[in-house]
Every structure is written in structure tokens, then in C-alpha cells.
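One structure is given below, encoded as C-alpha cells.
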Amino acid sequence: MPATSEYPELEALQSRISELSHLKQNVIMTYAILGGLERSVERTAAAIASLMGVPAPHFSRARRELEAEHWVERTHSEGQVKFYRLGERATGRKVVVPLRSRPTA
């Protein structure tokens with residue numbers, strides 16, 4: 149009897165990102181760990197880069213490229229700090245209402 153994974157969505161994510169560079173895979177997996185499939189990660193780029201052990205400029209460049217390819221999406225900003233979550237391409241889920249088009253209170 150084959151063993152079933154406790155984390156099927158994580159395995160599916162790993163399969164979807166397997167063609168990306170290791171840095172981009174690490175960025176996506178870090179967002180998956182910190183925010184899950186739905187929540188925004190409210191940490192600065194410098195903090196996440198430090199957590200990953202990579203220079204902040206490398207992290208920021210990879211995240212910009214991932215955003216352009218819809219692997220991650222910006223959820224909101226506080227001042228000049230931008231916050232992100234996994235995008236549709238990473239989660240495999242269609243977003244019904246994109247966060248940027250929602251009215252704010």
C-alpha cells in the first residue's frame with residue numbers, strides 16, 4: 149500500500165516549481181512556509197533574505213521576477229515596504245477577487 153503524504157499541497161507545489169532555479173524555489177518555499185497558501189507574509193525583503201541566508205539584492209531580484217511570472221503576488225504596502233503571498237501559479241488555485249482590486253476601508 150503506497151504511503152500518502154501528510155502535505156499533498158506542499159508536494160504539488162514542489163512539483164510545480166521544479167523547473168525554477170534553486171534561489172527561486174527557495175523563495176517560493178519560504179513564502180509557503182511563512183504564509184501558507186493564502187496568507188500574506190508580513191516581513192521585509194531584508195528579513196526574509198537574512199532568514200534564507202542570501203544577499204538582499206539577490207532575493208529582491210528573484211522576487212521581482214517571480215512576481216512578473218505570477219508565482220508570487222503583492223498583497224499590500226506599508227510605506228515603501230511591500231508584502232507578498234504565493235500567486236496563482238504557485239498555489240494552483242484561481243483567485244476569484246484579486247487583492248489589488250478590493251476597495252479598502
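Residue 149 is where the sequence shown starts when you use our numbering, and the numbers rise one by one after that. Just so you know, even glycine gets a beta-carbon here, dropped at the ideal spot from N, CA and C.
DSSP three-state assignment for residue i, whether helix, strand or coil
i      : result
Val220 : strand
Lys135 : Limits of the chain in this structure are 149 at one end and 253 at the other, which puts residue 135 out of reach.
Leu234 : strand
Val189 : strand
Val175 : helix
Glu159 : helix
Leu199 : helix
Gly183 : helix
Glu167 : coil
Outcome for residue i when other beta-carbon atoms lying within 10 angstroms are tallied against a minimum of 16
i      : result
Glu186 : exposed
Val220 : buried
Gly183 : buried
Tyr179 : buried
Residue i vs residue j beta-carbon contact at 8 Å
i      : j      : result
Arg241 : Val189 : no
Leu214 : Lys172 : yes
Ala115 : Pro203 : With the chain running from 149 to 253 in the structure shown, residue 115 is simply not present.
Among the options, the one whose alpha carbon lies nearest that of residue i
i      : options                           : result
Ala194 : Glu167, Arg222 and Val229         : Val229
Gly235 : Tyr155, Pro156, Glu159 and Arg164 : Arg164
One or two residues paired with residue i in a DSSP bridge
i      : result
Val229 : Glu226
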